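Residue 418 is where the sequence shown starts when you use our numbering, and the numbers rise one by one after that. Quick reminder that beta carbons are idealized off the backbone N, C-alpha and C, glycines included. Since the model is a prediction, treat every value here as computed from it, not as a measurement. In what follows, a structure is listed as structure tokens, so that the remarks can point back to it.
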Amino acid sequence: MPHAGLIVGLGNPGQQYDKTRHNFGFMVVDRIVAHEPECRLLSSKSEKDFLLWEWKPRGLDPWLLLKPLTFMNLSGRAVHKVLAYRKVDPGHLLVIHDELDLPLGRIRFKKGGGLAGHNGLRSIASMLATRDFHRLRMGIDRPQAGRDVTSYVLGRFSPQERPVAEQALGLACEGVSIYCRDGIDQAMQVVHGR
418 MPHAGLIVGL GNPGQQYDKT RHNFGFMVVD RIVAHEPECR LLSSKSEKDF LLWEWKPRGL
478 DPWLLLKPLT FMNLSGRAVH KVLAYRKVDP GHLLVIHDEL DLPLGRIRFK KGGGLAGHNG
538 LRSIASMLAT RDFHRLRMGI DRPQAGRDVT SYVLGRFSPQ ERPVAEQALG LACEGVSIYC
598 RDGIDQAMQV VHGR
């Protein structure tokens, strides 16, 4: 059965990166897989580049959920491989990633455009030879003045930030469901209004 599209959550593999700000995309995919009964793992244990699930949202054609395991800077390899092998139109690609230019808790859908210095997006755009793919930007805010950006994005949410991050995860999952059912314009209208 053909797949309606591909949803990619960006992050870095490994326990040391689990639940870090840079892994917000992984967290959204993990939440969908954990809470949606119609998800099944497709990738085999021999596949080292990614984890891939098929998700059948109620009443819709199945979608693919992907977590690249190639580290952020090489995410495009896994995305390109899955799009080609599963014959998914890149016009039906949604990439979920952390966003420094949005406050924590704010999420925004975006149609193509710039890469905002995000290495995962840069890798995907390079492998696909286009920036014209949909994104779901998960706000993590910028670090305080003088704090290193790399250590900030690779750090975990503080106890004060966790409830806000959890709320954003819930809204992101709702937004992804709307995106799959009604498209990006409707998802923008609903999610951006909150």
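Name the residue from the options whose alpha carbon lies nearest to the alpha carbon of residue i.
i	options	result
Leu-519	Val-607, Pro-454 and Ile-557	Ile-557
Ala-421	Leu-477, Ile-595, Phe-467 and Leu-517	Leu-477
Leu-486	His-509, Asp-506 and Ser-460	Ser-460
Phe-441	Val-425, His-452, Ile-595 and Arg-503	Val-425
His-509	Phe-467, Thr-437, Gly-572 and Pro-419	Pro-419
Ala-602	Asp-435, Lys-465 and Arg-525	Sequence inspection shows Asp at residue 602; the Ala mentioned does not correspond to that position. Per the Cα distances, Arg-525.
Leu-491	Pro-507, Asn-536 and Leu-586	Asn-536
Glu-471	Leu-423, Glu-591 and Ser-543	Leu-423
Met-489	Val-512, Val-505 and Pro-474	Val-512
Glu-455	Phe-443, Pro-430, Asp-466 and Lys-473	Lys-473
Gln-392	Gly-600, Arg-611 and Ala-562	The displayed coordinates of the chain run from 418 to 611. Any statement about residue 392 would go beyond what the structure contains.
Leu-517	Ser-543, Tyr-434, Pro-507 and His-439	His-439
In terms of residues, what are the limits of the beta strand (DSSP E) holding residue i?
i	result
Gly-556	551–556
Gly-426	423–426
Arg-438	First-last for Arg-438: undefined, no H or E at that position.
Arg-457	456–458
Between the alpha carbons of residue i and residue j, how many angstroms are there, rounded?
i	j	result
Val-593	Val-499	19 Å
Pro-580	Pro-479	31 Å
Arg-539	Arg-548	8 Å
Ala-589	Ala-495	22 Å
Ala-533	His-514	11 Å
Cys-597	His-551	12 Å
Ser-568	Ala-604	32 Å
Gly-529	Ile-449	23 Å
Ala-582	His-452	17 Å
Leu-586	Ile-595	14 Å
Leu-458	Ile-541	23 Å
Arg-475	Asp-466	29 Å
Val-505	Gly-600	16 Å
Could you spell out where the alpha helix (DSSP H) holding residue i opens and where it closes?
i	result
Phe-443	441–452
Arg-525	Arg-525 -> not in any alpha helix (DSSP H); beta strand (DSSP E) instead, spanning 524–528.
Gly-592	579–599
Leu-538	536–545
Tyr-569	566–570
Does any C-beta atom of chain C lie closer than 8 Å to the C-beta of residue i?
i	result
Ala-562	Given the protein chain composition of this structure (a single chain), no chain C is represented.
Can the beta-carbon of residue i be found closer than 8 Å to that of residue j?
i	j	result
Leu-571	Gly-493	no
Lys-484	Val-445	no
Arg-559	Thr-437	no
Leu-468	Arg-503	no
Arg-564	Lys-527	no
Leu-521	Glu-578	yes
What are the uninterrupted segments assigned as beta strand (DSSP E) that are 3 or more residues long and contained completely in the stretch 473–510, given in chain order? Within the stretch 473–510, complete beta strand (DSSP E) segments of at least 3 residues are found at 480–485, given in chain order.
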